[in-house]
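Data first, discussion second: the structure below is written as structure tokens.
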Amino acid sequence: MGHAMTKATTDPLRRKVAAALVAATVGTLGGLASASAQAADKIQLQLNWFHLADHSPIYLALKKGYYKEEGLELTVLRGSGSADSAKKVDLGQSDVGISDAPTILTAISKGANLRMVAVVYDKAGNNVFFRKSANIKTPKDLVGKKIAVPPADSHRVLWPAFAALNGIDPQSVTLVNVKPEGKQAIVAANEVEGAFDLYTSYAIWEKVLGKGEVGNLLWADFGLPIYGHTYFVNGETVRKNPKLIERFLRATHKGWRDAKADPAASIDAMVEQVAGLDRNTLLATMPQILDLCVTERSAKHGLGWIEPELMQKTMDITFASNKPERSVDVKDVFTNDFNSRIKP
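Residue numbering for the sequence shown follows our numbering, beginning at 2 and increasing consecutively.
Shown next as structure tokens:
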């Protein structure tokens, strides 16, 4: 009798406890699922151009799940030039952009609400390519010649300053509009003497003009030691969602770290995810890219680190012959607050 009474009285209690445990478990799982769903933030990266080898570490990070680990769903958008990239991020059409520092500085001086958060090219790759037969040895040899450059290309922003540093009247060189993907063809057809293009495209130029036929002038060798491409965001993102930037850079710099260790894997990751790319030519450009992007500063501070002194020099050169529309203070154009501290 006592045993029966005990069972009768405890069964309801057991049922209540079991129900409570089930509810608690479901609630916990639901909460985790909700948190996971909330953590998967959508983020758009606006490239500066069509896909090139320096974009491959992003695809390596995607392939290895680094963005997913950070709770990010990344979409990569093809670009149409550094100036266009700056405009889209300023308008809030993308969360993060890639553009060279001088273009961002110029945009900020005109009122754009932008902030650089990491460098891509620790040393600028601005450059001019030409046939060796063009007999161009120094920047002054460009005078009187026609040089191809896309309308929104960063070289247009820097050209007046670079010309001034080398005692050249900027107007003495004719800049010819061309689509980004048409630079090599217009030189190969002898319609222009050369084209402004990043040093990292050397292998692409050799493929078109032929090995041993490509001449170039790297602007950094002629008075232009400045920062090149950067990752940048809208100032509102810094204010409202700083953790988004931190998570993006951490995932991205893991991709760069791995790309340095295995450049071929980086290129392969991009080729797998983007149709129509020339794998071997892109891989051939990686030595120049890593030379410009992974430096002593990277080893000391972590990938993407920005030094105030070099950013100030970049500003001074950018505005040397093209005075800003409004005063710009170096501390307002960049921040290292979100640096990943990941070393190559």
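Every residue, glycine too, gets a C-beta built ideally from N, C-alpha and C.
For ASN127, the number of other beta carbons within 10 angstroms of its own is at least 16, and it is reported as buried. Three or more beta-carbon pairs separated by less than 8 Å are not found between the region 176-196 and the region 104-118, which leaves the two stretches without contact. About 6 Å separates the Cβ atoms of TRP160 and PRO171, confirming a contact at the 8 Å cut-off.
Assigned with DSSP and collapsed to three states, ARG280 falls in helix. Per the coordinates, the alpha-carbon of ALA266 lies some 7 Å from the alpha-carbon of ALA260.
DSSP places GLU192 outside any alpha helix (DSSP H), giving it a letter other than H or E. The shortest C-alpha to C-alpha distance from THR139 to any of LYS43, ILE169 and TRP206 is the one to ILE169. With respect to GLY216, ILE148 sits apart: the two C-beta atoms are not nearer than 9 Å. Distances from the CA of THR201 to each of ASP263, GLY256, TRP220 and LEU293 were compared; the closest alpha carbon is that of LEU293. The DSSP assignment places 215-219 and 230-235 as complete runs of the beta strand (DSSP E) inside the region 198-239, in order along the chain (cut-off: 3 residues).
DSSP, read as helix, strand or coil, puts LYS324 in coil. Partner residues in the beta bridge of GLU74, as assigned by DSSP, are LYS43. Under the three-state reduction of DSSP, GLY256 is assigned to helix. About 7 Å separates the beta carbon of ARG116 from that of PHE335, a gap short enough to meet the 8 Å contact definition. Of the candidates GLU214, LEU166 and VAL129, VAL129 places its Cα closest to the Cα of LEU176. If you draw a straight line from the Cα of THR315 to the Cα of PHE233, it is about 16 Å long.
Two segments are said to touch when three or more pairs of C-beta atoms, one from each, lie closer than 8 Å; by this definition the region 228-242 does not touch the region 181-197. Distance from the CA of ASP198 to the CA of TRP50, rounded to the nearest whole angstrom, comes to 12 Å. In the DSSP assignment, SER173 forms no beta bridge with any residue.
Note: SER100 is bridge-paired with THR231 in the DSSP secondary-structure output. In this chain, ARG342 is not harboured by any beta strand (DSSP E), its DSSP state being neither H nor E. The DSSP-derived three-state label of LYS88 is helix.
Secondary structure note for PHE130: its beta strand (DSSP E) is the uninterrupted segment 128-132. In this structure, DSSP gives ILE137 a state outside helix and strand, which the three-state scheme calls coil. Per DSSP, the continuous beta strand (DSSP E) segment holding ILE148 begins and ends at 147-149. DSSP places LEU115 in the uninterrupted beta strand (DSSP E) bounded by 115-120. For the pair ALA204 and ALA285, the CB atoms are nearer than the 9 Å cut-off. For ALA300, the closest alpha carbon among the candidates TYR228, GLY213, ASP123 and ASP96 is that of ASP123. Taking the Cα positions, GLN274 is about 13 Å away from ARG79. An exposed status is given to SER173, since fewer than 16 other beta-carbon atoms sit within 10 Å of its beta-carbon. Put simply, the backbone Cα of PRO325 is about 36 Å away from that of ARG132. Counting other Cβ atoms within 10 Å of its Cβ, ALA252 reaches 16 or more and is therefore classed as buried.
Secondary structure of ALA196 (DSSP, three-state): strand. The three-state secondary structure of PHE51, taken from DSSP, is coil.
Counting of Cβ neighbours within 10 angstroms places GLU192 among the exposed residues, the total staying below 16.
Of the candidates LEU218, HIS52, LEU166 and ALA190, HIS52 places its Cα closest to the Cα of ARG280.
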